[in-house]
Amino acid sequence: MEIAVKSKQSYTIVDILSSNLDSTLVNTLKNILDSLINENKYDILVDFSNVEVVDTLALGCLITSNKECMKKGGQISLFGVNNDILMILYIIKLDKHINIYNNEKDALSRSNMLVKRRFKVV
13 MEIAVKSKQS
23 YTIVDILSSN
33 LDSTLVNTLK
43 NILDSLINEN
53 KYDILVDFSN
63 VEVVDTLALG
73 CLITSNKECM
83 KKGGQISLFG
93 VNNDILMILY
103 IIKLDKHINI
113 YNNEKDALSR
123 SNMLVKRRFK
133 VV
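If you're matching positions, the sequence shown starts at 13 in the numbering used here and goes up one per residue.
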């Protein structure tokens, strides 16, 4: 399986084990997130440590699922995002809607959130 789910403290951690988060895997991720939300698990951390490629469907899935979690008083957060994907998330301003942390420890403690960087066009 390319996605694993585990619980730690009061959070559910979704580990994406594949390097490519494409449309096939996005359907699996969406089903898992929907299932967790239906099981009243609203504080979800998504581990992006292995992800090297992400498409727009994946980003849409995260936004939609985060909205559902927020309606229930929770949220989806990301951690372990590589610099290339992080730059994309900043450019599309996804960091305004989903918290991004450097690692699992920071995500679990809700500390050291990565802040939006300001880019200069040269």
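Just so it is clear, CB atoms sit at the ideal spot from N, CA and C, and this is done for glycine as well.
Original post:
Leaving out five residues before and five after I75 in sequence, what residues of the same chain have Cβ atoms less than 8 Å from its Cβ?
Top reply: L106, H109, I110
**OP:** Find out if the Cβ-Cβ distance for the pair I112, L90 is shorter than 8 Å.
**Re:** yes
Subject >> Three-state secondary structure (DSSP) of N126 >> reply: The sequence as given places Leu at residue 126; Asn does not occur at that position. In the structure shown, L126 sits in coil (DSSP, three-state: anything other than H, G, I, E or B).
Original post:
In this structure, does DSSP put V66 in helix, strand or coil?
Top reply: strand
Subject >> Runs of beta strand (DSSP E) wholly within the stretch 87 to 126 (minimum 3 residues, chain order) >> reply: 87 to 91, 111 to 113
**OP:** Using only alpha-carbon positions, find the residue among A16, L29, Q21, L120 that is nearest to V66.
**Re:** L29
Original post:
Relative to the alpha-carbon of L98, which residue among L48, D55, L71, S47 has its alpha-carbon at the smallest distance?
Top reply: L71
Original post:
Skipping 5 residues on each side, what residues in its chain have a beta carbon closer than 6 Å to that of N32?
Top reply: V65
Original post:
Taking all protein chains shown into account, do 16 or more other C-beta atoms lie within 10 angstroms of the C-beta of G86, making it buried, or fewer, making it exposed?
Top reply: buried
Original post:
What first and last residue would you give for the beta strand (DSSP E) that runs through S19?
Top reply: 15 to 20
Original post:
In three-state DSSP terms, what is L57?
Top reply: strand
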